[in-house]
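J.: Sharing a structure with you now.
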């Protein structure tokens with residue numbers, strides 16, 4: 001399924017608006033796809049402090065909270081098998 005994402009970010013008090021077209025297998029994959037794209041944007045902007053203000057799918061569905069939940073998940077510990 002093809003989708004259009006619109007993200008509104010605040011990068012160190014500077015507003016950033018990005019649009020992008022993506023392909024996902026199922027609707028449940030959309031928040032993860034949006035989060036991965038936001039991570040790419042963070043990388044491009046030098047990992048500066050970034051606030052996710054709004055994430056919209058196909059100019060109609062707001063998935064901001066779902067994406068924020070992914071962003072706020074703790075990073076899992078790595079087991080090195082020692």
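In UniProt numbering, the protein residues as written are 1 to 82.
Note that the Cβ used here is the ideal one computed from N, Cα and C, for glycine as well.
Short check: CB of residue 19 to CB of residue 4, under 8 angstroms?
T.: Closer than 8 angstroms, so yes.
J.: Could you give the first and the last residue of the continuous alpha helix (DSSP H) run that contains residue 64?
T.: 64–72
J.: Could you tell me if residue 17 is buried or exposed, where buried requires 16 or more neighbouring beta carbons within 10 angstroms of its beta carbon?
T.: So residue 17 ends up on the exposed side.
J.: Quick check on residue 23: does DSSP put it in helix, strand or coil?
T.: strand
J.: Select from 79, 24, 45 the residue whose C-alpha is nearest the C-alpha of residue 14.
T.: 45
J.: The alpha helix (DSSP H) with residue 33 in it runs from where to where?
T.: 30–44
J.: Going by DSSP, what residues sit across from residue 10 in a beta bridge?
T.: 15, 51
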